[in-house]
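For reference, the structure is listed below as structure tokens.
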Amino acid sequence: MIPPFFRRHHRLIALLMRALVRVLAPRYRVSGRRNIPHRGPVIFASNHVSDFDPPVLGAAIRFPVVWMAKRELWEISWLAPILDFFCCFPVDPASPDRAAIKQGLGVLKNGDGLVVFPEGKISPSGELGAILPGALLLALKSGATVVPVGLWGSQLIVPHGQIAPRPTLGRVRVHFGPPLQFEDLAGENARRAREIGAARLETALQEALEHAKNS
Numbered sequence: 001m002i003p004p005f006f007r008r009h010h011r012l013i014a015l016l017m018r019a020l021v022r023v024l025a026p027r028y029r030v031s032g033r034r035n036i037p038h039r040g041p042v043i044f045a046s047n048h049v050s051d052f053d054p055p056v057l058g059a060a061i062r063f064p065v066v067w068m069a070k071r072e073l074w075e076i077s078w079l080a081p082i083l084d085f086f087c088c089f090p091v092d093p094a095s096p097d098r099a100a101i102k103q104g105l106g107v108l109k110n111g112d113g114l115v116v117f118p119e120g121k122i123s124p125s126g127e128l129g130a131i132l133p134g135a136l137l138l139a140l141k142s143g144a145t146v147v148p149v150g151l152w153g154s155q156l157i158v159p160h161g162q163i164a165p166r167p168t169l170g171r172v173r174v175h176f177g178p179p180l181q182f183e184d185l186a187g188e189n190a191r192r193a194r195e196i197g198a199a200r201l202e203t204a205l206q207e208a209l210e211h212a213k214n215s
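Going by full-length UniProt numbering, the residue at position 77 of the sequence shown is 77; the numbering climbs one at a time, nothing skipped.
Encoded structure:
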């Protein structure tokens with residue numbers, strides 16, 4: 001899923017991405033990197049406040065990852081090849097997307113990292129929206145560790161409804177929260193496991209977001 005070229009040159013690509021973000025946002029800061037596992041499959045589950053979230057988050061992750069992105073983004077002709085280059089694959093957040101879940105499980109089975117935005121869309125207010133079941137389903141089926149991510153300030157670079165990035169002197173923050181495991185839910189029935197897991201994930205995302213806002 002992650003092309004050999006991207007694996008070989010990820011450090012350079014990440015360096016260029018960090019340089020871009022820091023030019024646009026000199027007050028860009030990352031916290032909680034100690035919460036990222038050093039091995040095994042991992043799901044980065046992040047809140048979503050701006051179209052510029054992927055560069056801001058991508059600049060903070062030090063190894064290559066795969067991204068789930070809205071299917072409709074591939075309808076934008078100039079954006080589609082960029083999405084493909086950065087190891088994205090489409091998902092339909094409006095309906096159960098079995099093909100996307102299968103592809104995500106393949107990424108995790110390979111031991112790679114997967115980035116998902118569980119809200120399925122940007123939150124114009126910045127407040128955490130309703131959590132869709134995809135990220136939790138991937139975690140329950142794969143046994144992968146979930147790292148909740150709080151993003152804040154990227155909406156200053158690309159405000160909701162705009163496309164072009166603009167420089168900001170405001171605070172731009174990425175916070176990686178304590179990792180979550182859902183192995184203890186294996187003995188629960190499916191519905192109960194989803195209820196407990198969803199509540200746990202939502203709480204962790206809210207805490208990560210609050211940390212990002214206030215740091």
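Here a beta-carbon is modelled for each residue, glycine too, at the ideal position from N, C-alpha and C.
Three-state secondary structure assigned by DSSP to residue i
i, result
"Phe-176", "strand"
"Pro-81", "helix"
"Ser-215", "coil"
"Arg-39", "coil"
"Val-49", "coil"
"Val-21", "helix"
"Val-158", "coil"
"Thr-168", "coil"
"Arg-29", "strand"
"Pro-118", "coil"
"Gly-58", "helix"
"Ile-196", "helix"
Proximity to residue i [Cα-Cα], best of the options
i, options, result
"Pro-54", "Gly-32, Leu-205, Ala-100, Ile-122", "Ile-122"
"Ser-215", "Arg-18, Val-158, Val-30, His-38", "Val-30"
"Val-158", "Val-21, Ile-2, Ala-14, Glu-127", "Val-21"
"Gly-120", "Ala-130, Val-42, Gly-126", "Ala-130"
"Thr-168", "Lys-102, Phe-52, Gly-197", "Phe-52"
"Val-116", "Cys-87, Glu-127, Pro-124", "Cys-87"
"Glu-183", "Met-68, Leu-83, His-48, Leu-138", "Leu-138"
"Asn-47", "Glu-188, Gly-161, Asn-189, His-175", "His-175"
"Arg-27", "Ala-59, Val-172, Ile-196", "Val-172"
"Pro-178", "Ser-95, Ala-45, Ser-125, Pro-96", "Ala-45"
"Arg-71", "Leu-205, Asp-97, Val-149, Leu-185", "Asp-97"
"Lys-213", "Gly-113, Gly-161, Gly-153, Pro-148", "Gly-153"
"Ala-25", "Pro-41, Ala-59, Phe-89", "Ala-59"
"Val-66", "Asn-110, Ala-94, Arg-194", "Asn-110"
"Ala-199", "Ile-61, His-211, Pro-133, Ala-186", "Pro-133"
"residue 304", "Leu-16, His-10, Val-147", "With the chain covering only 1 through 215, there is no way to say anything about residue 304."
"Ser-125", "Gly-113, Gly-106, His-160", "His-160"
Buried/exposed call for residue i, threshold 16 Cβ in 10 Å
i, result
"Phe-85", "exposed"
"Thr-203", "exposed"
"Ile-163", "exposed"
"Gln-155", "buried"
"Ala-208", "buried"
"Trp-78", "exposed"
"Ser-50", "buried"
"Leu-128", "buried"
"Ile-82", "exposed"
"Ala-19", "exposed"
"His-190", "Going by the sequence as given, residue 190 is Ala instead of His. Exposed, because fewer than 16 other Cβ atoms sit within 10 Å of the Cβ of Ala-190."
"Val-149", "buried"
"Ile-43", "buried"
"Val-23", "exposed"
Which residues DSSP lists as bridging residue i, in chain order
i, result
"Cys-88", "Trp-67"
"Trp-152", "Arg-173"
"Ser-125", "DSSP, once it has assigned bridges, lists no residue as partnering Ser-125."
"Gly-113", "Val-42, Val-65"
"Val-146", "Ile-43, Leu-180"
Where the alpha helix (DSSP H) through residue i begins and ends
i, result
"Leu-136", "134-142"
"residue 232", "With the chain covering 1 to 215 only, the question about residue 232 has no answer from this structure."
"Arg-8", "4-8"
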